[in-house]
Structures are given as structure tokens and as C-alpha cells.
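Student: Sequence lines, in order, name chains A and B. Each residue of the first sequence is one higher than the last, beginning at 81 in this note's numbering. Each residue of the second sequence is one higher than the last, beginning at 81 in this note's numbering. The beta-carbon is built from N, C-alpha and C at its ideal position, and this holds for glycine as well. Remember, it's a predicted structure, so these values are computed and weren't measured experimentally. A single structure is presented below for examination.
Number of protein chains: 2
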Amino acid sequence: MTAETTEFADALRAAGLRVTQQRMSVLSILMEAQDHPNADEVFTRAKEIDGSVSFATVYRTLAALEEAGLIQRLNFENEPARFEITPVAEHDHMVDIDTGEVIEIASEEINRLRQELVARLGYEIVNQHTLIRARKKPGR
Amino acid sequence: MTAETTEFADALRAAGLRVTQQRMSVLSILMEAQDHPNADEVFTRAKEIDGSVSFATVYRTLAALEEAGLIQRLNFENEPARFEITPVAEHDHMVDIDTGEVIEIASEEINRLRQELVARLGYEIVNQHTLIRARKKPGR
DNA sequence: TGACAGATGAGAATGGGTCGCATTTACATG
DNA sequence: CATGTAAATGCGACCCATTCTCATCTGTCA
């Protein structure tokens, strides 16, 4: 934990952000999360380990961390934004429309094709996100 | 216009929706739109040709038309949803982060790869959307 | 044409997200 | 290690896109 703590603090400092208990809390929660919590869930979990964090600060912290590139905001349809630690390998998300489960998917091939496509139009990708709404195939 | 009008009406009826003046207005506006208007813009334009349409009805109509598959809702980041007539060929959207311009892009190849990727996981795509935030390449 | 389920208008309500401001805190400096 | 100061926080008010409520109106089908 100490190692992680230092790591978080360094990451914050490197991003030009002050190291505060609230930011450490939010960061550690996202680090340990196995899912993709929304702001409300981050807030609830943060309060368990911090008690004093406010809703507004969670939002401000999430915005700051996103700005710093430490986390990513995922905009799903018709539901509040979710967050995840910036993944090492870029990936997209597939939502099982029946269960709501979020599955991470990735394809180097697709990433490359997309990058080429955009380049051909004279642009360069700043970031991108693919959201697939899918349903489990019946015959399985 | 008469041909189109009939076409709209048929499409509505086929979707099990009553044919009302408001729905026709909204549909025609999206049909003629060269851009991707949001609900507010659809409302403003609709009022010019209909006068009586209300905001609530625009939202309800957009929801109904989306449900019927006649139009598509585009969820961009940090801004209200935009709408477009369901395109013949599926395509994604690229936003120029400096100008806000929305550019439609498509790649059969990517669509196919994506479909295979999802199928390999035992799912089938219900719908999907890729949003690319990009910037014009400097050296051009 | 009449009945009536479905659609509409107007405005209130909802809910995710942001802001203003008084207070607290991180941290650079002496 | 005390301290000044800008940045961060907590709290509640606020914003804005979207949805809901309900009284009224209108397509549609018999």
C-alpha cells in the first residue's frame, strides 16, 4: 500500500496536482475497482475510507484526474458517466443490453485501421471510444 | 414533397405510430438537415414550420422515432444528444475538437472486424457507435 | 360520425453535474 | 518548524437536458 500510495502521489505531482487525501482516496478506489463505477459509486466508496469527502470534490477530482490523463471517463447511453484508471492498452467497451454487464474489448487491427482512416482525412486521433451494445447469442 | 410526405407517413404507420403533424415536422427537419441537430435545434426548426409544436413533444417524438429505428441518437461528450435520420450505410462520427465540426466516417473493414470480435465472445451487436475526437494534422 | 386510445402543450419535476463562497490545507519559503 | 498563499474542499444553491403529469385534443377504426 505504501508503494502504491507513493505511486499515486507521484502521479499527481507529475500532473501538477496537489496531493490531497481526497484525490488519493478517489485514485485508490479506481485502482482497486474491478468494475467501472460512476461518480456516485466512487463517492460512496470514497466515503467509506475517507468519511469527509464531498460529492462536489469527487466530481472535481474525477475531472482533474481525467484532465491529467490518469483516469478515463466513459460516456454510456442514458446513464451517468463511468470511470476507469487509464488502461495500459486502449480498449473499447461492450455492454450486454440484457444484464448491463460491461465487457472490455480490444483489437490492434481495428485501432490501426481507424488511425489510418482518420489520417487519410488529414486528422489525428486525440482519443476515441467505441461503445457496442450487444446481446448474448442465443445458440450458446 | 408530397412523395416524401407519404413516405414519412408510411414509415410512421409501419412502425405502429400514429401520423401526426408534429411527427411529420420533426421527421422532415431531420430529413433535410445537413448537420446533426440536437433536440433544441430540432425544436427551433420545427417551430418555424409548425408553430404549435412543444418542446416535450419534440423529445417524445425523437424518442419514438428512435425506438422505431427511423432516426438515431448520437451521444457526444459534454453536450446534448444529437440526431440524424438512420443512415443507409452505418457510419461513425469524428469530432474536430477545435471547431466542433462533426464528420461522418465509415469503414466496412472495421465493421467486419468488430462484428467478428464480438461474435468470438459469443455476442451479437445490437448497435454500436464510435466517437473519435480528433484534430487537424498541422502539416497540411 | 363517434368513441376512445394515444398524442400533445404547458409547465413542473427530476437528476446528473457544476458553481460560489467561506473555510481548510498543501507546500514553498524563510 | 512556523507561516503566507494559492489551491482544494464542503456545502448548498444552481444549471440544464430530459422526462413526467395531467388536462385537452386528435387520429383512427368501427
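According to DSSP, simplified to helix, strand and coil, what is Lys216(B)?
Tutor: strand
Student: When Cβ atoms are compared, which residues of the stretch 120 to 143 of chain B fall closer than 7 Å to chain A?
Tutor: Against chain A - using a Cβ distance shorter than 7 Å - the stretch 120 to 143 of chain B contributes no residues.
Student: Is the stretch 108 to 121 of chain A in contact with the stretch 154 to 171 of chain A, if contact means three or more CB pairs nearer than 8 Å?
Tutor: yes
Student: Taking only beta-carbon atoms, is Arg215(B) less than 8 Å away from chain A?
Tutor: yes
Student: Quick one: using the 10 Å Cβ neighbour count with 16 as the cut-off for buried, is Ser134(B) buried or exposed?
Tutor: exposed
Student: First and last residue of the beta strand (DSSP E) that includes Phe135(B)?
Tutor: That residue, Phe135(B), is in no beta strand (DSSP E); its alpha helix (DSSP H) goes 135 to 147.
Student: Closer than 8 Å by beta-carbon distance: list the chain A residues that pair up with Leu197(B), in chain order.
Tutor: Ile185, Ser187, Ile190
Student: For Val122(B), count the other beta carbons within 10 Å of its own beta carbon; 16 or more makes it buried, fewer makes it exposed. Which is it?
Tutor: With at least 16 other beta carbons inside 10 angstroms of its own, Val122(B) counts as buried.
Student: Should Met81(B) be flagged as near chain A, meaning a C-beta pair shorter than 8 Å?
Tutor: Confidence at Met81(B) is low in this model, with a pLDDT of 47, below 50, so the placement of that residue should be treated as unreliable; the coordinate-derived value is given next. It does not; no Cβ of chain A falls within 8 Å.
Student: Is the stretch 172 to 181 of chain B touching the stretch 193 to 204 of chain B, taking contact as three or more C-beta pairs under 8 Å?
Tutor: no
Student: So, is Ser105(B) buried or exposed, given that buried needs 16 or more other C-beta atoms within 10 angstroms?
Tutor: With 16 or more other Cβ atoms within 10 Å, it is buried.
Student: Between the C-alpha atoms of Tyr203(B) and Ala214(A), what's the straight-line distance to the nearest angstrom?
Tutor: Those two C-alpha atoms are separated by around 6 Å.
Student: Suppose the cutoff is 7 Å on Cβ atoms and the five residues either side in sequence are ignored; what does the same chain contact list for Ile109(A) look like?
Tutor: Cβ contact annotation for Ile109(A) (same chain, cutoff 7 Å, sequence separation greater than five): Val122, Arg125, Ala126, in chain order.
Student: Please classify Gln152(B) as buried or exposed, where buried requires at least 16 neighbouring CB atoms within 10 angstroms.
Tutor: buried
Student: Would you kindly report the start and end of the unbroken alpha helix (DSSP H) that includes Val198(B)?
Tutor: 188 to 200
Student: Checking contacts by CB at 8 Å: is His150(A) closer than that to chain B?
Tutor: According to the sequence provided, residue 150(A) is Leu. The question's His does not apply to it. With a threshold of 8 Å between beta carbons, Leu150(A) makes no contact with chain B.
Student: In terms of residues, what are the limits of the beta strand (DSSP E) holding Lys120(A)?
Tutor: For the record, residue 120(A) in the displayed sequence is Asp; it is not Lys. Note, Asp120(A): premise wrong, no beta strand (DSSP E); alpha helix (DSSP H) at 119 to 130.
Student: Cβ closer than 8 Å: which chain B residues qualify as neighbours of Arg194(A)?
Tutor: Ser187, Ile190, Thr210, Ile212
Student: For a quick check, are the C-beta atoms of Glu189(A) and Leu193(B) less than 8 Å apart?
Tutor: Pairing Glu189(A) with Leu193(B) gives a Cβ-Cβ distance under 8 Å.
Student: When you compare only the Cα positions, how much space is there between Ala94(A) and Glu87(A)?
Tutor: 10 Å
Student: Where does Arg153(A) sit, in a helix, a strand or coil, going by DSSP?
Tutor: strand
Student: Output needed for Ile177(B): all residues of its chain with C-beta closer than 8 Å, excluding positions within five of it in sequence on either side, in chain order.
Tutor: Arg213, Ala214, Arg215
Student: Is there a Cβ from chain A that is less than 8 Å from the Cβ of Glu170(B)?
Tutor: no
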